[in-house]
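Contents: one structure, followed by commentary.
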Amino acid sequence: MFDFKTEEYIASLPEVDTCRLPLGTLFLAQGRIYEVTDTGTGGFQKGREWRKGEKTEIALVPGSFPSRYLPVVERGRLLPVHQSRTELYDGDKTGCFVFPTETLALDAAYLDVA
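Counting in my numbering, the sequence shown runs from 17 upward without gaps.
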């Protein structure tokens, strides 16, 4: 699925309990990017696959009410937040990324809000 450098980078990301993540946080689990969509009290934390519909919802707390009807993802790798494009520079040069599909390129462009 990923090349060696990508797998190495993913392994370097901090692994966290997903139930502790704030609303809107992106994390990687099971080869997919998820977004925390609900941080209600009493274990009602939920997420869903990023930019996908409700059919991809997950529960973040095992034993909670949502875990009765949704798959549970307890841990994930926290994706970094970059405050500006310059954080992605290699020295004084911008990086170049090649995406295998147009959809992945559009997803990356969607994250580029700076």
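Heads up, the beta-carbon is just placed ideally off N, CA and C, and yes, glycines get one too.
Note that the coordinates shown come from a computational prediction; the quantities given were computed from them, not determined experimentally.
Apart from the five residues just before and just after residue i, which ones in its own chain have a Cβ nearer than 6 Å to its Cβ?
i, result
"L86", "E73, I74, A75"
Suppose you measure from the CA of residue i to the CA of residue j; what does that come to, to the nearest Å?
i, j, result
"I49", "F81", "23 Å"
"W66", "D108", "31 Å"
"L37", "V52", "7 Å"
"E118", "V32", "30 Å"
"Y126", "R93", "20 Å"
"T41", "P30", "14 Å"
"E24", "K68", "26 Å"
"K132", "R84", "With the chain covering 17 to 130 only, the question about residue 132 has no answer from this structure."
"L120", "T22", "15 Å"
Sorted by chain position, which residues of the same chain lie with C-beta nearer than 8 Å to residue i's C-beta, five sequence neighbours on each side aside?
i, result
"V89", "T34, A45, Q46, Y50, G63, I74, A75, L76"
Leaving out five residues before and five after residue i in sequence, what residues of the same chain have Cβ atoms less than 7 Å from its Cβ?
i, result
"F60", "D54, S80, F81, P82"
"P78", "V88, E90"
Just to check my reading of the structure: residue i and residue j have Cβ atoms closer than 8 Å, yes? What is that Cβ distance to the nearest angstrom?
i, j, result
"F43", "L95", "6 Å"
When burial is assigned at 16 or more other CB atoms within 10 Å of the CB, is residue i buried or exposed?
i, result
"P116", "exposed"
Problem - Entirely enclosed beta strand (DSSP E) segments - the region 43–81, minimum 3 residues - result: 48–55, 61–65, 73–75
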